[in-house]
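**Q**
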Amino acid sequence: MSSIRFLGLSILPICLLLSLGACQEFIHNSFDTFTGKIVDVEGKPVADLELILTQDLDFGVSQPPVAKSIIYRVKTTNRGEFRLVVPARTDISFNTEYFLLLSAPVQFELEDSGMPALYRYFSFSTADRAADGVIDLGTLKIVRE
Amino acid sequence: MIRRSLVVVLILLWGSFPAFSQEMKKEGGTPKGQFNFAPGAELLYRSYEKGSFLGDTYTTGLGYRLKVDFEFSGYPGIGLYFGTQGSSIQPNRFLGGFFKEVRMPETGIYLFHQVPVFENLTLRGELGYGQLQVIHGLSPSRFILDYAHFSGGLVANYNLAKEVLGIFDLNLVFGGNYGFLNGNKIVINDLDRTYVQRATAVQGVFGVKVRYL
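Sequence order for the protein chains is A and B.
For the first sequence, position 46 matches number 46 in our numbering, and the numbering has no gaps at all.
Each number in our numbering comes from the position in the second sequence (counting from 1) with 1000 added on.
1. Bridge partners of A/M115, per DSSP?
2. So A/A127 and A/I27 are in contact, right, with Cβ under 8 Å, and what is the actual spacing, rounded?
3. Compare the C-beta of B/N1189 with all C-beta atoms of chain A and state if any pair is closer than 8 Å.
4. Against A/V41, what residues of chain B qualify as contacts under a CB-to-CB distance less than 8 Å, listed in chain order?
5. Please state if the CB of A/P64 and the CB of A/L57 are separated by a distance shorter than 8 Å.
6. Residues bridged to A/K141 by DSSP?
7. Within 10 angstroms of the Cβ of A/V41, are there 16 or more other Cβ atoms? Answer buried if so, exposed if not.
8. Run down chain A in chain order and give the residues with a C-beta less than 9 Å from the C-beta of B/S1141.
9. Given a limit of 9 Å on CB to CB distance, which residues of the segment 1102–1129 of chain B reach chain A?
10. I want to verify the contact list: residues of chain A whose CB lies under 7 Å from the CB of B/L1154, in sequence order.
11. Taking only beta carbons into account, state which residues of the segment 1163–1174 of chain B come closer than 8 Å to chain A, listed in chain order.
12. Can a CB atom of chain B be found closer than 8 Å to the CB of A/N29?
13. What is the rounded straight-line gap between the Cα of A/R129 and the Cα of A/I135?
14. Answer with buried or exposed for B/A1199, where buried requires no fewer than 16 other C-beta atoms within 10 angstroms of its C-beta.
15. Using beta carbons (cut-off 8 Å, strictly below), is A/T33 in contact with chain B?
16. Going along the chain, which residues of its own chain have a beta-carbon closer than 6 Å to the beta-carbon of B/S1151, five neighbours each way excluded?
17. Rounded to whole angstroms, what's the CA-CA distance from B/Y1064 to B/S1088? Just pull it up for me.
18. Roughly how many angstroms separate the alpha carbons of A/P105 and B/D1192, rounded to a whole number?
19. According to DSSP, is A/D48 part of a helix, a strand, or is it coil?
20. Looking only at C-alpha atoms, which of B/R1124, B/F1099, B/A1161 and B/L1160 sits nearest to B/L1111?
21. Does the distance from the C-beta atom of B/P1105 to that of B/T1084 stay below 8 Å?
22. Note down, in chain order, each residue of its chain lying with its Cβ closer than 7 Å to the Cβ of B/D1146, except the 5 sequence neighbours on either side.
23. Which residues in chain A sit within 7 Å of B/L1145, going by Cβ to Cβ distance?
24. Take B/I1109 and list the residues in its own chain whose beta-carbon comes closer than 8 Å to its own, dropping the five residues that flank it on each side.
25. When Cβ atoms are compared, which residues of the segment 110–125 of chain A fall closer than 9 Å to chain B?
26. Go through its chain and collect everything with a Cβ distance to A/V39's Cβ below 7 Å, but skip five positions before and after it.
27. Using DSSP with H/G/I as helix, E/B as strand and the rest coil, what is B/V1205?
28. Along the beta strand (DSSP E) that carries B/T1046, what are the first and last residues, could you check?
29. Run down chain B in chain order and give the residues with a C-beta less than 8 Å from the C-beta of A/G133.
30. Can you name the residues of chain B whose CB is closer than 7 Å to the CB of A/I71?
31. So A/G133 packs on A/D32, CB below 8 Å; how close in whole Å?
32. Kindly indicate which three-state DSSP category B/R1193 falls into: helix, strand or coil?
33. Identify which residue in B/G1051, B/F1070 and B/T1057 has its Cα closest to the Cα of B/V1210.
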């Protein structure tokens, strides 16, 4: 009986260490890169537009969604492009969803069930990363309010 | 250009040491071929070149290095080291503000050859290879970046006391080296790859070494 208890006590720390390793939140030596391009309704690149990257969005009922904490605040280039780099998270970290917000009075025009719909944020996950860690968000259309 | 010049100078110095050593042996000193074992502890300060990820993202502070030399007198020796350096994270566009703390432990191996210059002073060339880990955060939210560190340098040993207790010599150690860091395991987009994966560093050390007789 005591030997079984001893065996259990010996194995427990090893199991705990292994489970900690399995729950690792970040992928070592790996960065995710979110790239994309912002265009207007005519398809022209929108330069110098401020984008906010966050994982912590407050969906208020009577107000537009607000970032509770901001990862980056960047501006699009002259060609309307953006590039955001973060440490890559493992798929089991339960924290792989990101949001892009617009600080200007504009909204994203996204497709919802085949119909265009306006959103104040664009959400995406890191599931579809390429071998070099790039997650191409494609061309995002915006509409001025 | 400066980098290449430094490498050439280090290689020339390295190559000239054995001949210089032979000359000194004729004038006396430690018998050639005597085995030496010399552990030491050093304070170190390493600064990464600006314009690289390591140089722009981290502000480095004072660190330490524990090392041990194995050598047959008059021949090149080999040594092992472990060290770490205090650092803090500056605002940057790669880490997302996810981490507050960072540690930079490094373990490695080096080849050296030393020659006496004056009665109490020896000069040595070192060529090293180490594995630097940049560890952000705490487990399980750790994020680690691995770099290979190739370095070359010159270190002076000043003999403070000979045959202390009949067991060891006590030496003061000071010097510097120049290194290249290569993080080719790091996965990142091609536009930022060189910036993140490559860096150079200069390092100064100051410490003590005990050489067992």
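Note that CB positions come from ideal geometry on N, CA and C, so glycine has one too.
Treat the numbers as computed from the prediction; the structure is a model and nothing was measured.
**A** Taking the geometry as given:
1. A/D112
2. Not quite, the Cβ-Cβ distance comes to about 13 Å (not below 8 Å), so this is no contact.
3. yes
4. Under the 8 Å cutoff, chain B gives no residues; its nearest Cβ is about 29 Å from A/V41.
5. no
6. A/V39 and A/E109
7. exposed
8. Q24, E25, F26 and S93
9. none
10. What B/L1154 touches in chain A: nothing, since even the nearest Cβ is about 32 Å away.
11. none
12. yes
13. 5 Å
14. buried
15. yes
16. G1128, N1177 and G1179
17. 16 Å
18. 31 Å
19. coil
20. B/R1124
21. yes
22. Q1131, Q1133, G1183 and K1185
23. N29
24. I1078, G1079, L1080, Y1081, G1128, Y1129 and G1130
25. none
26. P45, V46, G80, T139 and K141
27. strand
28. The residue asked about is misnamed: residue 1046 of chain B is Arg in this sequence, not Thr. Here the beta strand (DSSP E) through B/R1046 covers F1035 to Y1048.
29. V1187, I1188 and N1189
30. G1096 and G1097
31. 5 Å
32. helix
33. B/F1070
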